[in-house]
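Colleague: Quick note, our numbering runs 202 ahead of the 1-based positions in the sequence shown. All C-beta atoms in this analysis are idealised placements derived from N, C-alpha and C, irrespective of residue type, glycine included.
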Amino acid sequence: AADAALSLLGPPANRSLNCRPSQTEYPRRMSTLTLVRHGQASFDSHHYDQLSVLGERQAQATGAYFKARGEAFTAVYSGPRERQRQTALAITDVLGLGEAQVIPALDEFGEGSTLLEAASARTGVSLIENASVSRKDKLRLYGEQIGLWAADAVRVDGIPPVAEFRAGIKAWLDELTAAPGRGHKVLAVTSAGVIAVVIAELMQRPSAELGAMMSVIGNASFTQLIWTQNARVLHSYNQTAHLPAELASAM
Numbered sequence: 203a204a205d206a207a208l209s210l211l212g213p214p215a216n217r218s219l220n221c222r223p224s225q226t227e228y229p230r231r232m233s234t235l236t237l238v239r240h241g242q243a244s245f246d247s248h249h250y251d252q253l254s255v256l257g258e259r260q261a262q263a264t265g266a267y268f269k270a271r272g273e274a275f276t277a278v279y280s281g282p283r284e285r286q287r288q289t290a291l292a293i294t295d296v297l298g299l300g301e302a303q304v305i306p307a308l309d310e311f312g313e314g315s316t317l318l319e320a321a322s323a324r325t326g327v328s329l330i331e332n333a334s335v336s337r338k339d340k341l342r343l344y345g346e347q348i349g350l351w352a353a354d355a356v357r358v359d360g361i362p363p364v365a366e367f368r369a370g371i372k373a374w375l376d377e378l379t380a381a382p383g384r385g386h387k388v389l390a391v392t393s394a395g396v397i398a399v400v401i402a403e404l405m406q407r408p409s410a411e412l413g414a415m416m417s418v419i420g421n422a423s424f425t426q427l428i429w430t431q432n433a434r435v436l437h438s439y440n441q442t443a444h445l446p447a448e449l450a451s452a453m
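1) If I follow the unbroken alpha helix (DSSP H) through F275, where does it start and stop?
2) Quick one: grab the DSSP three-state call for I330.
3) Can you give me the C-alpha to C-alpha distance between E313 and I348, rounded to a whole angstrom?
4) Using three-state DSSP, classify S451 as helix, strand or coil.
5) Return the CA-CA distance between S345 and R337, expressed in angstroms with no decimal places.
6) To the nearest angstrom, report how far apart A355 and E310 are at their CA atoms.
7) Using a Cβ-Cβ cutoff of less than 7 angstroms, which residues in the same chain neighbour R368 once the five nearest sequence positions on both sides are dropped?
8) Just list the residues that DSSP pairs W429 with in beta bridges.
9) Check the C-beta distance from S393 over to Q286 and give it rounded, since I have them as a contact under 8 angstroms.
10) My output table needs one value for D376: the three-state DSSP class, helix, strand or coil.
11) Sorted by chain position, which residues of the same chain lie with C-beta nearer than 6 angstroms to W429's C-beta, five sequence neighbours on each side aside?
12) Roughly how many whole angstroms lie between the Cα atoms of L235 and S451?
13) Looking only at DSSP bridge pairs, what is R239 linked to?
14) What is the residue span of the alpha helix (DSSP H) that I361 lies within?
15) Cutting at 8 angstroms between CB atoms, please list the residues of its own chain near T442, excluding the five before and the five after it.
16) Which one or two residues does DSSP pair with L253 in a beta bridge?
17) Please confirm whether G241 and T264 have their CB atoms less than 9 angstroms apart.
The following block contains the structure:
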């Protein structure tokens, strides 16, 4: 899955997956958007939307990383989900910043428990909190459900169609990157679906590929883009090197 997702980003010369200089080292005419995926949520639970103990540690470690690098964010945004807001709060606490501004467009397209329930209805296999089904199989069926949604092959109650979801994120991204002035340093804490859409917009990829992109975006990873008045460029994707091995997770 990782190789498939990375292939969507084009040749290695067109992408960056390694740790990069601090934002403070970019020329002042450039602005940066750092997208952070929330820490690990409570997968396989009826209350998916809360950080696990590991997720809390991941969020704190991400904040410590930004602080050590001297990141000076000029704006901090968060999606409205509890896991997104908890992650943002952990980061801003470490950085000594005020609470993140909640942006509806940074919301995930659906809840993990909703997708698992849809996968259960599709396959006839009860998945949530069912110990007889392995975590590996649950993740596989969960990923399949996301792929079907991204391909617009299924509709799930409570989840918007992929075109509607993508349009909302595109509108927010267009508005953000059209803002007057230079040297904006924006931090946005969100989820894998939003990050995948941003990448798809930059790389002009179809929505059917969103599932593959999402499948490799790690918990508390960050993705960065740079923009000027004339261009938007993907700078790095799915950075997780700031997390020690014991804190790394995909779900």
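Modeller: By the coordinates alone:
1) Bounds of any alpha helix (DSSP H) do not take in F275, whose DSSP letter is neither H nor E.
2) Under the three-state reduction of DSSP output, I330 falls in the coil class, being neither helix nor strand.
3) Answer to the nearest angstrom: the Cα atoms are 11 angstroms apart.
4) Looking at S451 - three-state DSSP - the assignment turns out to be coil, as it is neither helix nor strand.
5) According to the sequence shown, residue 345 is Gly rather than Ser. Across the structure, G345 and R337 are spaced so that their CA atoms are roughly 12 angstroms apart.
6) If I take the Cα positions, the gap works out to 19 angstroms.
7) The residues V399, S409, in chain order, have a CB closer than 7 angstroms to that of R368 in the same chain once the five nearest residues on each side in sequence are set aside.
8) Beta-bridge pairing by DSSP links W429 to S233, R434.
9) Confirmed, Cβ separation roughly 6 angstroms.
10) Residue state, collapsed to three classes: helix.
11) Correct list, in chain order: S233, T379.
12) About 23 angstroms.
13) T392, per the DSSP bridge assignment.
14) Counting along the chain, I361 falls outside any alpha helix (DSSP H), and DSSP gives it neither H nor E.
15) Once the five neighbours on either side are set aside, the close Cβ partners of T442 are G420, A422, S423, A450.
16) Looking at the DSSP output, L253 shares a beta bridge with A243.
17) The answer is yes: Cβ separation under 9 angstroms.
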